[in-house]
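**Student:** First to last, the sequence lines map onto chains A and B.
For the first sequence, the numbering used here gives the first residue as 11, with consecutive numbering after it.
For the second sequence, the numbering used here gives the first residue as 11, with consecutive numbering after it.
Provided herewith is a single structure, encoded as structure tokens, for subsequent inquiry.
Number of protein chains: 2
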Amino acid sequence: MRILLVEDDASLGEGILTSLKPEGYTVDWVRDGPSALHALTHESFGLAVLDLGLPRLDGLEVLRQLRGAENPTPVLVLTARDSVTDRIAGLDAGADDYLVKPFDVAELKARLRALLRRSFNRPQPALEYRGITLDPASQSVTWNGQTVSLQRKEFILLHELIAQPGRVLTRDKLQQVLYGWGEEAESNVLEVHIHHLRKKFFPELIRTVRGVGYLVDKA
Amino acid sequence: MRILLVEDDASLGEGILTSLKPEGYTVDWVRDGPSALHALTHESFGLAVLDLGLPRLDGLEVLRQLRGAENPTPVLVLTARDSVTDRIAGLDAGADDYLVKPFDVAELKARLRALLRRSFNRPQPALEYRGITLDPASQSVTWNGQTVSLQRKEFILLHELIAQPGRVLTRDKLQQVLYGWGEEAESNVLEVHIHHLRKKFFPELIRTVRGVGYLVDKA
DNA sequence: TGTCCGCTTAAGGCTCGCTTAAGACAGCAC
DNA sequence: GTGCTGTCTTAAGCGAGCCTTAAGCGGACA
């Protein structure tokens, strides 16, 4: 799961980063509003953690613009302020959850999990690539109208690749997506899954970048 | 039927809780305005019982924001005040019914039933799927004309699944529907209910998505 | 041509969910 | 209260299919 962290405070950001990585999240970290907006509108994230007190462009404003553009990415808002009006403002602007600083990292993790669980249930747009349709809602895959049956890890892998066409995903990153940081796979599991995917669709679907990783070409 | 109870007074809340549970309602209880708003906008309830005198965010305000967001959940308002203007304000803000403290629990129950009956008469048509008809009003089920007898939890589960065909409902989500947030089931109850449903109809009715949840295929 | 990296295949282990049956529990009549 | 009835939960055993492993092969790069 790819997460965008928007936080201008260096040490807090560092802290969140290092505590989320072991959970298996892939975290991208930006420090100001415009970067956040750009990232969210140009790449695909499963979730965003957004600090409200940002330089250059306020977090609330980021959120408003995001929602204004009908971007459904779940957002968890961080704030130092705890007034009720702030809280309401955040939720009004389209936040999905709310956490007041200082907070416990364990609680952040718990809320992220809850948020992800919930967002699984929302209409997530189906991904489409060269006639392959991935529908997260039903966990089903079709290719030119035909249903293709994928195993869970295969689905996750393909989804990750297709979500970012033209971008090489390193083996490390992909393994992270499948297993988190805990146990590095010592075997060639990844290759096997890739192999299965190529077999179920067509070999050229996934290109190998020797020594680095895999990618799906830009449509 | 899942109900959200919004009440800051501990003993009153406790009382309502214990008197509603035996009626077969699944009751979730929060104690302040922001939590109530959050719950109502992020989860689905059949009905809310809302105390107006709340800390941090007034009940009326909760109601206004809820309706502002076009949330149609039926709301029964509780209040200590009995002035006519208060009453008007409540109904204006979008309350569906009104009860003045102190009240008799029996009356609360009666009004809830009435409210549910009314809201069920709105566009809550009987669900139909592959010859299976679910009538929420009478909690009865027929399959190709034959009556099928379901237990309560089975009905709830099937209803939830059929209401969103083609979409995977996670185990978490389904457990929430059955039990609210309170007690997480530690056993395999869910699987057992699913099993019973498959047995009473046909096995392919409910498809398993390993590691995620269950779904009913799009008709 | 040698070395390394990734591909391919097939076999086993292990996890998850299915199935069953029995016991807990609540509702109800007496 | 006591007993009866039907619903719901628990637990244990089992089986399918997912995932991993490992070994052999082939192609890429020096």
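A virtual CB, placed ideally from N, CA and C, is assigned to each residue, including glycine.
1) Got a sec? Which residues, its chain only, sit under 7 Å from R140(A) by beta carbon, not counting five neighbours each side?
2) Here's the rule: buried if 16 or more other CB atoms are within 10 angstroms of the residue's CB, otherwise exposed. What is D102(B)?
3) Within this structure, are the beta carbons of V158(B) and K209(B) separated by less than 7 Å?
4) Using a Cβ-Cβ cutoff of less than 6 Å, which residues in the same chain neighbour R12(B) once the five nearest sequence positions on both sides are dropped?
5) Threshold first: 3 residues or longer. Then list the beta strand (DSSP E) segments lying entirely within the stretch 49-113 of chain A, N to C.
6) For D38(B), which three-state DSSP category applies?
7) Return the CA-CA distance between D107(A) and P65(B), expressed in angstroms with no decimal places.
8) Measuring alpha carbon to alpha carbon, tell me which of A147(A), G176(A) and Y189(A) ends up nearest L31(A).
9) Whose Cβ in chain B lies nearer than 7 Å to the Cβ of A229(A)?
10) Thinking C-beta only, is V115(A) closer than 7 Å to S21(A)?
11) For the alpha helix (DSSP H) that D182(B) lies in, which residues bound it at each end?
12) Chain B partners of A147(A), CB-CB under 8 Å?
13) Alpha carbon to alpha carbon, what distance is there between V87(A) and W39(A)?
14) Just checking my contact of L225(A) with R177(A) at CB under 8 Å: how many whole Å lie between their CB atoms?
15) Can you look up G25(B) in the DSSP assignment and give me helix, strand or coil?
16) Hey, is R162(A)'s beta-carbon within less than 7 Å of any beta-carbon in chain B?
17) Nearest to H52(A) by CA position, among L167(A), A173(A) and R123(A), is which residue?
18) Counting only the same chain and skipping the five closest in sequence on each side, list residues whose C-beta sits under 7 Å from that of L200(B).
19) Indicate the three-state DSSP secondary structure (helix, strand or coil) for S197(B) in the structure shown.
20) Residues in the same chain with beta-carbon distance under 8 Å from L70(B), minus the five sequence neighbours each way, listed in chain order, please.
21) Just to confirm, are V85(B) and A58(B) a CB contact at a threshold of 7 Å?
22) Quick one: what does DSSP say R220(A) is sitting in, helix, strand or coil?
23) Hey, I166(B) and V151(B) are a contact pair by Cβ (cut 8 Å); roughly how many whole angstroms apart?
24) Any C-beta of chain B within less than 7 Å: which residues of the stretch 19-49 of chain A qualify?
25) Can you give me the C-alpha to C-alpha distance between G155(B) and A79(A), rounded to a whole angstrom?
26) Which residues in the same chain as N81(B) place their Cβ atom closer than 7 Å to its Cβ, once the five residues preceding and following it in sequence are excluded?
27) With 7 Å as the threshold, decide whether the Cβ of G141(B) is near any Cβ in chain A.
28) Distance check for D68(B) and L215(B), CA to CA, integer angstroms please.
29) Let me know if G221(A) comes out buried or exposed under the rule of 16 or more other beta-carbons within 10 Å of its beta-carbon.
30) How about L47(A) and V72(A): are their beta carbons less than 7 Å apart?
31) Using C-beta distances below 8 Å, list every residue in its chain close to L230(A), excluding the 5 sequence neighbours before and after it, in chain order.
32) Which residues of chain B have a Cβ atom closer than 8 Å to the Cβ of D114(A), listed in chain order?
33) Based on the DSSP secondary-structure assignment, which residues constitute the bridge partners of S150(B)?
34) Can you tell me which of the three DSSP states E214(B) falls into?
**Tutor:** Quick answer:
1) A229
2) Label assigned to D102(B): exposed.
3) Here V158(B) is not near K209(B), since their CB atoms are 7 Å or more apart.
4) T36, F55 and G56
5) 57-61, 85-89 and 107-110
6) Judged by DSSP in its simplified three-state form, D38(B) adopts strand.
7) 20 Å
8) A small fix is needed here, since residue 31(A) is Lys in this sequence, not Leu. Cα-wise, what sits closest to K31(A) is Y189(A).
9) Those do not exist, as A229(A) stays about 25 Å from chain B at its closest Cβ, beyond 7 Å.
10) no
11) R181 to Y189
12) Neighbours of A147(A) on chain B, chain order: G176, R177 and V178.
13) 15 Å
14) 6 Å
15) Three-state DSSP puts G25(B) in a helix.
16) yes
17) A173(A)
18) R181, L184 and Q185
19) coil
20) L62, A99, G100 and A103
21) yes
22) Of the three classes helix, strand and coil, the one that applies to R220(A) here is coil, per DSSP.
23) Contact flag wrong, Cβ pair sits at about 12 Å.
24) none
25) 48 Å
26) L50 and T51
27) no
28) Their backbone Cα atoms lie some 46 Å apart in a straight line.
29) exposed
30) yes
31) Past the edges of chain A, shown from 11 to 229, lies residue 230(A), and the structure says nothing about it.
32) What D114(A) touches in chain B: nothing, since even the nearest Cβ is about 18 Å away.
33) D145(B)
34) helix
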